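Numbering (UniProt numbering), first residue to last: 1 to 85.
A short worksheet on the structure shown next.
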Amino acid sequence: MKPLTLAGLATILREVAGEDDAATLEGDIADVPFAELGYDSIAVLEMAACLSRDYGVNLSDEDVLGDATPRKVLELAGTEIAPAP
(Lines of atoms letter the chains of each structure in order from A; the text may use other names.)
(Lines give C-alpha, C1' and ligand atoms only; values in the text may rest on other atoms or scores of the structure.)
Protein backbone atom coordinates (compact mmCIF):
# COMPACT_ATOMS: atom_id res chain seq x y z
CA MET A 1 0.00 0.00 0.00
CA LYS A 2 1.32 3.44 -0.86
CA PRO A 3 2.30 5.73 2.02
CA LEU A 4 0.02 8.62 2.91
CA THR A 5 1.71 12.03 2.76
CA LEU A 6 0.55 15.61 3.23
CA ALA A 7 0.73 16.05 -0.55
CA GLY A 8 -1.36 12.91 -1.01
CA LEU A 9 -3.92 14.19 1.48
CA ALA A 10 -4.07 17.52 -0.38
CA THR A 11 -4.66 15.63 -3.64
CA ILE A 12 -7.54 13.70 -2.08
CA LEU A 13 -9.07 16.93 -0.78
CA ARG A 14 -8.86 18.50 -4.24
CA GLU A 15 -10.49 15.43 -5.77
CA VAL A 16 -13.41 15.25 -3.33
CA ALA A 17 -14.09 18.99 -3.44
CA GLY A 18 -13.59 19.38 -7.17
CA GLU A 19 -10.62 21.27 -8.56
CA ASP A 20 -12.64 24.46 -9.13
CA ASP A 21 -14.03 24.41 -5.60
CA ALA A 22 -10.82 23.35 -3.90
CA ALA A 23 -9.39 25.67 -1.30
CA THR A 24 -5.83 26.86 -1.52
CA LEU A 25 -3.60 24.13 -0.16
CA GLU A 26 -0.31 25.95 -0.41
CA GLY A 27 2.15 26.73 2.34
CA ASP A 28 2.08 25.33 5.86
CA ILE A 29 -1.40 23.82 6.09
CA ALA A 30 -0.63 20.95 8.47
CA ASP A 31 -2.11 22.63 11.54
CA VAL A 32 -4.96 24.54 9.88
CA PRO A 33 -8.42 23.05 10.52
CA PHE A 34 -10.16 21.74 7.41
CA ALA A 35 -12.99 24.27 7.86
CA GLU A 36 -10.48 27.14 7.76
CA LEU A 37 -8.99 25.61 4.60
CA GLY A 38 -12.43 25.94 3.02
CA TYR A 39 -13.67 22.34 3.29
CA ASP A 40 -17.14 21.57 4.60
CA SER A 41 -18.07 18.46 6.54
CA ILE A 42 -19.22 16.60 3.43
CA ALA A 43 -15.84 17.05 1.74
CA VAL A 44 -14.02 15.99 4.91
CA LEU A 45 -16.18 12.87 5.28
CA GLU A 46 -15.58 12.02 1.61
CA MET A 47 -11.84 12.44 2.26
CA ALA A 48 -12.13 9.94 5.13
CA ALA A 49 -13.93 7.47 2.84
CA CYS A 50 -11.14 7.83 0.25
CA LEU A 51 -8.52 7.23 2.94
CA SER A 52 -10.30 4.04 3.94
CA ARG A 53 -10.63 2.81 0.37
CA ASP A 54 -7.21 3.84 -0.97
CA TYR A 55 -4.97 3.56 2.10
CA GLY A 56 -6.80 1.22 4.48
CA VAL A 57 -7.01 4.03 7.05
CA ASN A 58 -10.29 3.86 8.97
CA LEU A 59 -11.17 7.09 10.73
CA SER A 60 -14.37 7.86 12.62
CA ASP A 61 -16.49 10.90 11.86
CA GLU A 62 -15.28 12.37 15.15
CA ASP A 63 -11.67 11.94 14.01
CA VAL A 64 -12.11 14.18 10.97
CA LEU A 65 -14.84 16.65 11.93
CA GLY A 66 -14.68 19.67 14.22
CA ASP A 67 -11.20 21.12 14.60
CA ALA A 68 -9.42 18.29 12.78
CA THR A 69 -6.32 19.26 10.82
CA PRO A 70 -4.26 17.53 8.14
CA ARG A 71 -1.60 16.81 10.80
CA LYS A 72 -4.16 15.11 13.07
CA VAL A 73 -5.44 12.96 10.19
CA LEU A 74 -1.91 11.96 9.20
CA GLU A 75 -1.02 11.15 12.81
CA LEU A 76 -4.14 8.99 13.17
CA ALA A 77 -3.11 7.28 9.94
CA GLY A 78 0.30 6.55 11.45
CA THR A 79 2.17 9.03 9.26
CA GLU A 80 4.47 11.80 10.42
CA ILE A 81 4.84 15.04 8.52
CA ALA A 82 8.41 15.64 7.47
CA PRO A 83 9.80 18.97 8.70
CA ALA A 84 10.08 21.72 6.13
CA PRO A 85 13.55 22.07 4.61
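Note that beta-carbon positions come from the ideal geometry of N, C-alpha and C, so glycine has one too.
From a predicted model like this one, the values you see are computed outputs, not experimental measurements.
- Pairing L9 with L74 gives a Cβ-Cβ distance under 8 Å.
- Per DSSP, P33 is not a residue of any alpha helix (DSSP H), being assigned neither H nor E.
- The beta carbons of A30 and T79 sit no closer together than 8 Å.
- By the CB criterion at 8 Å, V16 and E46 fall inside the cutoff.
- Apart from the 5 residues on each side of it in sequence, D67 sits with its Cβ closer than 6 Å to the Cβ of P33 in its chain, given in chain order.
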